[in-house]
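Residue numbers (this note's numbering), protein chains in the order written: chain A, 20 to 347; chain S, 249 to 633.
Listed below in structure tokens is the structure:
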């Protein structure tokens, strides 16, 4: 591949990698803006992907449903599952005033064995072959969006070889921005992450706001799990390859602001694309560089970017601190 | 005084105990949900853990405990100094590679010290991998959680690349076997614990536990590290070089995790380094061990043995057709519940202090009565005069 064709390919690939990062980092944004550090994003992604892929697997196995309608329902299921799982973190962090990093780590630790466990149980009972990978048939790719896909250049970039979830993620980005900056709810949420005592003093229920923040982050991270698995694989292997942690890096690079997070997600998605498709890009494949170097690129890029963006960090001031009404 | 310290230790351990209980309860519920008929037998096997197979089983427990005690010590040490080293996996992998490399390549070393040099190499490699997150945290205020996670992935790919370039067994897609002198001596342990992979690694791990304990509790350096962990500003105010200490702390933590890698792959158990894109699980087990052991070196030692113990139980659980992943779910649940420790602790502490206050009030009253009496007395005496 060369020239324009290569460009189209890279941009299309980039979307597959950027969208999960975007949606999960937005999830992290809601949680941290409300004052709760959510390191459990990785685990929530795993649970979201597990439940929704399991649903797709069952529907396809018993030929009950197929196509993009199925994907949309799976999308909702991932959101619900993520929300429910995140409630564990919310309860620990808000009600029990637990160390948020520890409770998040616990959710991460629990998610993978749980996914392996459920995966083996499901494949064992349904297809009689006990493996941890839950397979699915990818019938969701849209080769060309009607009308829009025919636009020269732009059509080939953004409206071919795509998924309906990509547009949903972009839509969620817009909605998130409106909610955070144009509604009363968003203002209150942000206040709870900056100065919860002040928010409380004007009658905002800090606990409620933080629950909302964590639950939104759970829904978005759950969706992120599904959005990550569908375009890049044909089975769910109890893992989302550290995307939840990468999303945290995206969040920091994006300075806790939706549009910057979007830019950061695009950047990381591009890095990931280079590393994932190095063998199919003629120029890169010819270089005497081992595939491991390409695999390291996104992570090294993250490190370098963090070095330059952390010094003037604009993290929500109260993120990570349990809210205690009695404290001054 | 001594009794008081014992009581404190019990209070510190109580939340962990409840957490463990809750974790097992959840495990039991899962077993019930999967297959109610064998659930009781299943939970019995988990609880019996390493004892299912007598001393050989306990040997297996110690074999599994060795690396996770080291990674647990690494994570716990960093915790004590206010840092969350989630990158123990990467440091562990680096250490493992360095140890195997020395074990395979440097065959000209005197056999008596070959294994020791390999362990030292693993220590240094781990320290190097811990250095960068420490440096970035100290100088650029980069969140060490994120950097050490990135270092995990970079380390995984780097080690895969290095294994393939240097000590590669192409047929099996893994590292070459190390020279026999590079394996850790058994020091007669296999006589006590007749498990084929039993080796002296556990003794080295215990030695490390003791060294870390002494450094943290009995030296000025350890005191400074902990002081910065509790309150960085106060440490700075007291003239402690917080930034330098942060880097040292991450390096020591990395070194401990690195030794863990060396101990596992030099155990002579026929374990080779596979070239696969999977992050070493020992690092994450280390987080569980450190949290369960309350980051205290001695606590980490027990927690490591405990987690290895139920892991061995998990292997035996497969006999009943249960999935051994149940054990990992139980462990994660235990960590989740022990995150509530703060609440438990403050509750228990408040009960104790309330009692103490009541006692104090009572003794104050007695004192008051006594002083009143003594004040009254002279007056009476004065009156009589």
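C-beta: ideal position from N, C-alpha, C; glycine also.
On a predicted model such as this, the values are computed, not experimentally measured, just so you know.
Item                                                                                                                                                                                         : Value
Going along the chain, which residues of its own chain have a beta-carbon closer than 7 Å to the beta-carbon of residue 539 of chain S, five neighbours each way excluded?                   : 583, 586
Using a C-beta to C-beta distance shorter than 7 Å, which residues of chain S count as neighbours of residue 314 of chain A?                                                                 : 405
Measure the CB-CB distance between residue 562 of chain S and residue 553 of chain S and report whether it falls below 8 Å.                                                                  : no
What's the gap between the Cα of residue 511 of chain S and the Cα of residue 426 of chain S?                                                                                                : 13 Å
Residue 179 of chain A bridges to which residues according to DSSP?                                                                                                                          : A:163
Shortest alpha-carbon distance to residue 271 of chain S belongs to which of S:491, S:557, S:580, S:550?                                                                                     : S:580
What does residue 416 of chain S pair with, by DSSP beta-bridge criteria?                                                                                                                    : S:423
Any beta carbon of chain A sitting closer than 8 Å to that of residue 584 of chain S?                                                                                                        : yes
For residue 305 of chain A, count neighbouring C-beta atoms within 10 Å of its own C-beta (all shown protein chains included) and say buried if the count is 16 or more, exposed if not.     : exposed
By the three-class DSSP mapping on this structure, what secondary structure does residue 171 of chain A have?                                                                                : coil
Shorter than 8 Å from the beta carbon of residue 311 of chain A to some beta carbon of chain S?                                                                                              : yes
Counting pairs of Cβ atoms below 8 Å between the segment 302 to 314 of chain S and the segment 480 to 500 of chain S, do you hit three or more?                                              : no
So what does DSSP say about residue 628 of chain S, is it helix, strand or coil?                                                                                                             : Unreliable positioning characterises residue 628 of chain S in this predicted model, as indicated by a pLDDT of 44, which lies under 50. The coordinate reading is nonetheless provided below. Here residue 628 of chain S sits in helix by DSSP.
Pick helix, strand or coil for residue 154 of chain A, following the three-state DSSP scheme.                                                                                                : strand
Report yes or no: is there a C-beta of chain S within less than 8 Å of the C-beta of residue 276 of chain A?                                                                                 : no
Interface residues of chain S around residue 121 of chain A at Cβ under 8 Å?                                                                                                                 : 539, 583, 586, 587
Can you name, in chain order, every residue of its own chain whose Cβ lies under 8 Å from the Cβ of residue 412 of chain S, other than the five neighbours on each side?                     : 523
Taking only the alpha-carbon atoms, compute the straight-line gap between residue 267 of chain A and residue 503 of chain S and give it to the nearest angstrom.                             : 27 Å
Between which two residues does the alpha helix (DSSP H) containing residue 434 of chain S stretch?                                                                                          : Unbroken run through residue 434 of chain S: none, as it is neither H nor E.
Of all the residues that make up the segment 521 to 540 of chain S, which are near chain A by a beta-carbon distance shorter than 7 Å?                                                       : 532, 535, 536, 539
Taking the alpha carbon of residue 38 of chain A as the reference point, which residue from A:286, A:293, A:323, A:339 has its own alpha carbon closest?                                     : A:286
For residue 569 of chain S, which option in S:273, S:473, S:262, S:284 has the closest C-alpha, if you only look at C-alpha atoms?                                                           : S:284
Is the shortest distance between the beta-carbon of residue 392 of chain S and the beta-carbons of chain B less than 8 Å?                                                                    : The structure shown contains no chain B; the protein chains it does contain are A and S.
So, at 8 Å on beta carbons, what are the nonlocal neighbours of residue 337 of chain A in its own chain, with the 5 sequence-adjacent residues on each side left out?                        : 54, 211, 212, 213, 214, 215
Closer than 9 Å, Cβ to any Cβ of chain A: which residues of the segment 446 to 468 of chain S, in chain order?                                                                               : none
Give, in chain order, every unbroken run of the alpha helix (DSSP H) that is at least 4 residues long and sits entirely within the segment 441 to 468 of chain S.                            : 449 to 466
Check whether the segment 20 to 37 of chain A touches the segment 217 to 230 of chain A, counting contact only when three or more Cβ pairs, one atom from each stretch, lie closer than 8 Å. : no
Quick check for students: name the residue ranges of the alpha helix (DSSP H) that lie wholly in the segment 22 to 83 of chain A, counting only runs of 4 or more.                           : 22 to 52, 60 to 80
Less than 8 Å separating the beta-carbons of residue 548 of chain S and residue 329 of chain A?                                                                                              : no
Which class does residue 564 of chain S belong to by DSSP, given the choice of helix, strand or coil?                                                                                        : helix
Output, in chain order, the set of chain S residues within a Cβ distance shorter than 7 Å of residue 330 of chain A.                                                                         : 388, 389
Distance, Cα to Cα, residue 79 of chain A vs residue 177 of chain A?                                                                                                                         : 28 Å
Find the nearest neighbour of residue 330 of chain S within the set S:366, S:441, S:447, S:470, judged by alpha-carbon distance.                                                             : S:470
Quick one: is residue 573 of chain S near chain A, going by C-beta distance under 8 Å?                                                                                                       : yes
Would you tell me roughly how many angstroms separate the C-alpha atoms of residue 152 of chain A and residue 92 of chain A, rounded to the nearest one?                                     : 21 Å
Find the residues of chain A that neighbour residue 313 of chain S, judging by a C-beta separation of less than 9 Å, and give them in chain order.                                           : Per Cβ cutoff of 9 Å: no residues; residue 313 of chain S is ~18 Å from chain A at best.
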